[in-house]
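Colleague: Residue numbers (my numbering): 94 to 212.
From the three backbone atoms N, C-alpha and C, an ideal C-beta is built for every residue, glycine too.
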Amino acid sequence: MDWVWTLYKKYITKGLVAKGNSDPTEAELEAAFMKALAGSYVTVLVQEPWMNSVRFKGLARGNLSEMTDLIRDPMTWLQERYGGGKFKLNFHEGWNFVATKNFKPEGPPLWKDAPEISF
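1. Can you tell me the Cβ-Cβ gap for VAL191 and PHE184, rounded? I've got them flagged as a contact below 8 Å.
2. When you compare each of ALA120, MET94 and GLY155 to THR136 by their alpha carbons, which one comes out closest?
3. For THR193, which of helix, strand or coil comes out of DSSP?
4. Assign THR118 to one of three DSSP states: helix, strand, or coil.
5. Going by C-alpha distance, which of TRP188, LYS128 and GLN172 is nearest PHE196?
6. Is it right to say GLY178 is buried, meaning 16 or more other beta carbons lie within 10 angstroms of its own, or is it exposed?
7. Bridge partners for THR136 per DSSP, in chain order?
8. Do PRO198 and MET168 have their beta-carbon atoms positioned less than 7 Å apart in this structure?
9. Distance check for ASN189 and ALA124, CA to CA, integer angstroms please.
10. Just checking my contact of VAL74 with TRP204 at CB under 8 Å: how many whole Å lie between their CB atoms?
11. For PHE126, name the three-state secondary structure that DSSP assigns.
12. Got a sec? Which residues, its chain only, sit under 7 Å from MET94 by beta carbon, not counting five neighbours each side?
This is the structure we're talking about:
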């Protein structure tokens, strides 16, 4: 979960500063982080060739509380479900974009047969 905190830290700190807390304690940061996680979701996308360019195919979207295995071990989670490829995880709290993280597990591209989710 430390890697998720690294993604959220700037977002959380900025939110607390905007609310008037310019020097939040570790406890305040942790509480704000846990609150943000409760309202956050992650979108899983994969880069695929498309018309002499690339595009990102949507594979999955879910609330972080429902994606604990992905958060615990993203490389294994991606590889077991979708095989190898260039994956992008986009994190949002409600409508607010938080961060993105890229992963590149090895293996055959099982994702090619997966249905695309629409947004």
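Modeller: The structure says:
1. 4 Å
2. Taking only the C-alpha atoms, the option nearest THR136 is GLY155.
3. strand
4. coil
5. GLN172
6. buried
7. Under DSSP, the beta-bridge partners assigned to THR136 are ARG154 and ASN183.
8. yes
9. 18 Å
10. Nothing can be reported for residue 74: it is not among the residues displayed for the chain, which extend from 94 to 212.
11. helix
12. ILE164
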